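The end of the sequence shown is residue 149 by the working numbering, with every number in the run present.
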Amino acid sequence: MTKTKAELQEFRDCPWSIYVTKSKKLIYRSNMGGINPLLQALNQLGEEIAGSELFDKVVGRAAAFLAVYGGIRRVNTPVISIAALEILRERKIPVSYLERVDRILDREKKELCPMEKLSLDADTPEQFVKLIKRNNVNIF
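Laid out in structure tokens, this is it:
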């Protein structure tokens, strides 16, 4: 079901940076920033994350690849990049969002987010996960 603008605004204003639901039950949440909460959700939940619904404050190319890799069935976010939207739509994953941006920047808003940069070297979610492992991102 498509999330309404009000539901996405409510999520944007809540203290959680990410939460994952499955069969309308909360199975993971975090208030940490960046992509680490999604990496931890994939690691902690394993195959249980497949078929779930993701709520994430910001979804860029890297997060979209990870959502596809985990088998997430729906993505909800206040902010999504054009590249992330393309990845999810190509794979027929429904997306609800408030704002579409050209790219996801680092915390200082000066450069492309480091994980977004890394994702540019991958063409598939599986390649991206291999890059994460190769670059010693120790969540997986």
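Glycine is no exception: its CB is placed at the ideal position from the N, C-alpha and C atoms. Computed from a predicted structure; not experimentally measured.
Per DSSP, I141 is one residue of the alpha helix (DSSP H) stretching across 134 to 143. Burial state of R100 is exposed, judged by a 10 Å Cβ sphere holding fewer than 16 other Cβ atoms. When Cβ pairs closer than 8 Å are counted between the two stretches, the stretch 69 to 76 is seen to touch the stretch 119 to 128, the count reaching three or more. Excluding its 5 nearest sequence neighbours in each direction, A92 has C-beta neighbours in its own chain below 6 Å: R70, listed in chain order. N40 counts as exposed, since fewer than 16 other beta carbons sit within 10 angstroms of its beta carbon.
Proximity to V29 across E120, N85, K12, E117 peaks at N85, based on C-alpha coordinates.
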